[in-house]
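Visitor: Which chain is which? The protein sequence lines are A and B, in order.
Position in the first sequence (first residue = 1) + 387 = the working numbering.
Position in the second sequence (first residue = 1) + 387 = the working numbering.
Glycine is no exception: its CB is placed at the ideal position from the N, C-alpha and C atoms.
Below are the structure tokens for one structure; questions will follow.
2 protein chains.
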Amino acid sequence: MDDNCTVFRTVDLVSKKWTMVILLELYRDGGGPKRYSTIKNEILGITPKVLSTRLKELVKHDLITKEIDVSSFPIKTEYELTEMGIDFIKVIKEIKEWALRWKVDNRVCAQLDCSECNL
Amino acid sequence: MDDNCTVFRTVDLVSKKWTMVILLELYRDGGGPKRYSTIKNEILGITPKVLSTRLKELVKHDLITKEIDVSSFPIKTEYELTEMGIDFIKVIKEIKEWALRWKVDNRVCAQLDCSECNL
DNA sequence: CCGGATCCTCTGCGATACTG
DNA sequence: CAGTATCGCAGAGGATCCGG
């Protein structure tokens, strides 16, 4: 198995730090377009540089789209999952199912069944 | 969403670099126990330090087991997926399915349907 | 020999400040 | 508001070394 393998390269892309969390955030609450600042404020602990970097990667690989509204002030940028990005959410759902089967070690998630994530 | 969320923390664990590739390698060829050197030689590009670190993490979180055979010479260590680890393979399979749906961009994988990964 | 540990380098991430 | 600039540190890459 080397970097000529599709799965290998895909894993390398999506398993970068914060990537799945960002995708999950864009999926929550119905999956509509979300602004940079909204994402940053919802994801606790992420820094602007990393968020910016990840968003660019995701746009480049067509998992999300970026729309800039220049007419408004202040400038409004919105990110949204593509069909391909939405389809990837099922992977994260699978991770959630697995985690709940094997690793439920805190009361909050056990009670809520991770409903906060809207998964 | 913060680090009190089970999904959040699980993603942080499994999305570390090389983790999924290692799990996949332990699943290939029937999923029997495999030696440190075998894993290192099969996964092109991984360094001994990172492999060692990831294996420890995976043992700690019960996704794999480590068995040391002191009686033999040279000493033989073998790693093997636990039931929990095997169950996680379905996540990686889901990633493969997704990759093949959206990202088949090289002939090798398109032809082989990633059969080299035994997925 | 095998299964790592060690040392060093270098990219990547975290934290804060700042700008078009 | 949506990022970039800068700095410091942790983690990954590369080579070598070492105990059993």
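(1) Pick out whichever of B/S424, B/D416 and B/N428 has its Cα sitting closest to the Cα of B/I462.
(2) Counting only the same chain and skipping the five closest in sequence on each side, list residues whose C-beta sits under 6 angstroms from that of B/I455.
(3) Compute the distance between the beta-carbons of A/I430 and A/E444, then report whether it is under 8 angstroms.
(4) Under 7 angstroms between beta-carbons, which chain A residues line up against B/D416? List them in chain order, please.
(5) Any idea which residues DSSP pairs B/R422 with across the strands?
(6) Residues in the segment 476-492 of chain B with C-beta within 8 angstroms of chain A's C-beta atoms, listed in sequence order?
(7) Tell me, please, whether the segment 472-487 of chain B touches the segment 475-494 of chain A by the rule of three or more beta-carbon pairs shorter than 8 angstroms.
(8) Going by beta-carbon coordinates alone, are B/M471 and B/L450 separated by less than 8 angstroms?
(9) A/K453 bridges to which residues according to DSSP?
(10) Whose Cβ in chain A lies nearer than 7 angstroms to the Cβ of B/D456?
(11) Please classify A/F385 as buried or exposed, where buried requires at least 16 neighbouring CB atoms within 10 angstroms.
(12) Please tell me whether A/V401 has its Cβ less than 8 angstroms away from any Cβ of chain B.
(13) Under the three-state reduction of DSSP, which class applies to A/W405: helix, strand or coil?
(14) Could you give the DSSP three-state label for A/K480: helix, strand or coil?
(15) Going by the CB atoms, is the gap between A/I473 and A/G418 shorter than 8 angstroms?
(16) Exposed or buried, which one is B/R441 when buried takes at least 16 other CB atoms within 10 Å?
(17) Which residue from B/C392, B/Y414, B/D416 and B/G432 puts its Cα closest to that of B/K404?
(18) Could you tell me which of A/R488, A/W489, A/K490 and A/E467 sits nearest to A/R422, measuring between CA atoms?
(19) Counting only the same chain and skipping the five closest in sequence on each side, list residues whose C-beta sits under 8 angstroms from that of B/H448.
(20) With a 10 Å radius around its C-beta and 16 neighbouring C-beta atoms as the bar for buried, classify A/H402 as buried or exposed.
Guide: Quick answer:
(1) For the purposes of this step, residue 462 of chain B is identified with residue 75 of the second sequence, where counting begins at 1. Ranking the options by Cα distance to B/I462, first place goes to B/S424.
(2) Taking the second sequence and counting its residues from 1, one reaches residue 455 of chain B at position 68. The residues are T464.
(3) In the first sequence, the residue the question calls residue 430 of chain A occupies position 43. In the first sequence, the residue the question calls residue 444 of chain A occupies position 57. Their beta carbons are not under 8 angstroms apart, which means A/I430 does not touch A/E444 by this criterion.
(4) For the purposes of this step, residue 416 of chain B is identified with residue 29 of the second sequence, where counting begins at 1. What B/D416 touches in chain A: nothing, since even the nearest Cβ is about 12 angstroms away.
(5) Within the second sequence, the letter at position 35 stands for residue 422 of chain B. Paired residue(s): B/E465.
(6) K477, V478, I479, E481, I482, K483, W485, A486, L487, R488, W489, K490, V491 and D492
(7) yes
(8) The count along the second sequence starts at 1 and reaches residue 471 of chain B at position 84. The count along the second sequence starts at 1 and reaches residue 450 of chain B at position 63. Yes, the pair counts as a contact, with Cβ atoms nearer than the cut-off.
(9) Taking the first sequence and counting its residues from 1, one reaches residue 453 of chain A at position 66. A/Y466, per the DSSP bridge assignment.
(10) Sequence index remark: in the second sequence, residue 456 of chain B carries index 69 (1-based). Under the 7 angstroms cutoff, chain A gives no residues; its nearest Cβ is about 26 angstroms from B/D456.
(11) Nothing about residue 385 of chain A can be reported from this structure: the residues present for chain A run from 388 to 506 only.
(12) Numbered from its first residue, the first sequence carries residue 401 of chain A at position 14. At least one CB of chain B lies nearer than 8 angstroms to the CB of A/V401.
(13) Reading the first sequence from its first residue, position 18 is the one you call residue 405 of chain A. Three-state result, A/W405: coil.
(14) Here residue 480 of chain A refers to the residue found at position 93 of the first sequence. Note: A/K480 maps to helix in three-state DSSP.
(15) Within the first sequence, residue 418 of chain A is the residue found at index 31, counting from 1. Within the first sequence, residue 473 of chain A is the residue found at index 86, counting from 1. It is a contact, given that the beta carbons lie within the stated cut-off.
(16) Numbered from its first residue, the second sequence carries residue 441 of chain B at position 54. With 16 or more other Cβ atoms within 10 Å, it is buried.
(17) As a working mapping, residue 404 of chain B is identified with position 17 in the second sequence. Answer by Cα proximity: B/G432.
(18) Within the first sequence, residue 422 of chain A is the residue found at index 35, counting from 1. Nearest option by C-alpha distance: A/E467.
(19) The residue labelled residue 448 of chain B in the question sits at position 61 within the second sequence. Taken in chain order, the residues that qualify are L400.
(20) Taking the first residue of the first sequence as position 1, residue 402 of chain A is located at position 15. Here residue 402 of chain A turns out to be Ser, not His, going by the sequence shown. So A/S402 ends up on the buried side.
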